[in-house]
Amino acid sequence: MPLNDQQIQTLGRDALQRAAAGDFASAEEMFARIVEARPNMGQALHLLGQVRLKLGRFAEAREPLERAAQFLPREVSAQTNLAGCLVQLGRHEQALAALAKAARLKPDDAVIAHNTGRALEALGRAEDAERAYDRALSIDHRLLPALSARAELLAARGEWAGALADLETALVSQPNDPRLRLRRGELMLRQGDWWRGLGDYEARLEIPGERYTPDLPRWQGEPLDGRLLIYPEQADIESDAALRDTVMLARGVEATVQCGATLAGWWDGPTIRRGEPLDGFVAAAPLRSLPLLLNWTRDALPAPAKPSRKPEPSSRIGWFTVAEPPTGFARLDLVRTPEEIPTCRLVLGDDTWPAHAAAALGIPTIFLVPNTADWLWGPNLGTSPWYASAELLRDDDREGLAARLAGC
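So the sequence shown is numbered by my numbering: it starts at 41 and just counts up by one.
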């Protein structure tokens, strides 16, 4: 039965009340009935699209939002909500068009300028995105999303001072925001500033996420009357990151190392498998907190943990990188299994545990690291303070790799 105007008004009021109470599913059904009865009612289309956005039904929200933007050409929110939906669907060019309409209606809106920057950045137009963030911050110099986004762009091209300034400004308004503190810490750590960066880096432990935390007091560096557990904080102890962190960071403290099956038997020192009872332990610390807790500096790192195996060098070369050997080196006698690492005279690898295990054994090791390498490596290539036998090369430096292999 068709709805009359009074019924539509009542249904719309009830739908708004349901939406205000968080019952978006019921509100969506009601707004859909209104749109079915009045298919050209711009406000109803707009509200239907909004509740579908709240429900995460972005594809279904697009059509009513597009129609709402047509029927409500002078309503800024109709354009911005359409843009937000299109961004979620990966339709960034169309989102830019909607944001441009919104900007013409409200030219001094910092949020519209920021969202324009987000869409431009998603399209790979970094310079245009930065100009949009600049525009947003010229309107509202404390707009946190724009400060954060511009800091990311500046850091990506190595403008550390500008990126740090934006994060510092953001932290004036939100001094306890763990994500902002973590980003500031990582920015300083990537420049090699451990003294200022390590404290902020602990903010990662305040951010919700998949992270392993044993049921033990967190060690703060104090003397202990009992056993200390050090552990990789990754939820999956057999992940590449957990394995790498374990080999690289389990050093400099008398403790039991928690590890998975892959690394069992690699150390002389005590280890324990994840899931085993923690009887007798009085405290625990994540491996990535050890540099702060033990006051490490990049210039005076403790020696790596002593491996249980001994080098037995031959003419073989360990190859633990996704890259293939450079042209002309295809006939090298390569080793690709971790069990054979002790037999190698040289190991090349990505920033993964086999390369770290080789370096801990004292085998000459070349780490191939990306442009945005883990902050633990520091800002410089060449020799590394982590291992006496290690050096760092950029992973896209094929000529440098070929030259290094030629000198073997």
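Cβ atoms here follow ideal geometry from the backbone N, Cα and C, with glycine treated the same way.
Exercise. Between A290 and A345, is the Cβ-Cβ spacing less than 8 Å?
Worked result: yes
Exercise. Comparing alpha-carbon positions, which option in D148, Q260 and G89 lies nearest L122?
Worked result: G89
Problem set entry | Sequence-distant residues of the same chain with beta carbon closer than 7 Å to R338, five excluded per side | G232, W234, G418 and P425
Exercise. Can you give the Cα-Cα distance for S429 and A399, rounded to whole angstroms?
Worked result: 6 Å
For this session: Count the other C-beta atoms from every protein chain shown that fall within 10 angstroms of the C-beta of K146, then say buried if there are 16 or more, exposed otherwise.
Result: exposed
For this session: Would you mind sorting T361 into buried or exposed? The rule is 16 or more other CB atoms within 10 Å of its CB.
Result: buried
For this session: Using three-state DSSP, classify Q214 as helix, strand or coil.
Result: coil
Exercise. Which partner residues does T405 have in the DSSP bridge list?
Worked result: V387 and A430
Exercise. Taking buried to mean at least 16 other C-beta atoms within 10 Å of its own C-beta, is S188 buried or exposed?
Worked result: buried
Problem set entry | Burial state of D319 (16 or more Cβ within 10 Å) | exposed
For this session: Mind checking who A28 pairs with in its DSSP beta bridge?
Result: Not covered by the structure: residue 28. The range shown for the chain is 41 to 448.
Problem set entry | Residue from D240, T311 and G266 whose Cα sits closest to the Cα of P272 | T311
Problem set entry | Among A159, P113, A176 and A191, the one whose alpha carbon lies nearest that of A205 | A191
Problem set entry | Beta-carbon spacing of V375, R356 below 8 Å | yes
For this session: On a CA-only basis, which of R267, D285 and P104 is nearest G300? Give me that one, please.
Result: D285
Problem set entry | Residue(s) in a DSSP beta bridge with W307 | P347
For this session: Give a yes or no on contact between the region 326 to 341 and the region 377 to 385, applying the rule of three or more CB pairs nearer than 8 Å.
Result: no
Problem set entry | Exposed unless 16 or more other CB atoms sit within 10 angstroms - verdict on I406 | buried
Problem set entry | Coil, strand or helix - Y173 by DSSP | helix
Exercise. Since A323 sits in a beta bridge, which residues does DSSP pair it with?
Worked result: L268
Exercise. Mapping DSSP to helix, strand and coil, what is L334?
Worked result: coil
For this session: For the beta strand (DSSP E) containing W40, list its first residue and its last residue.
Result: The first residue shown for the chain is 41 and the last is 448, placing residue 40 beyond what the model contains.
Exercise. Who does I466 pair with in a DSSP beta bridge?
Worked result: As displayed, the chain neither begins before 41 nor continues past 448, which places residue 466 out of reach and without an answer.
Exercise. Among residues of its own chain, excluding the 5 on either side of L207, which ones have a beta-carbon nearer than 8 Å to its beta-carbon?
Worked result: L187, S188, A191, L220, R223, R224 and L227
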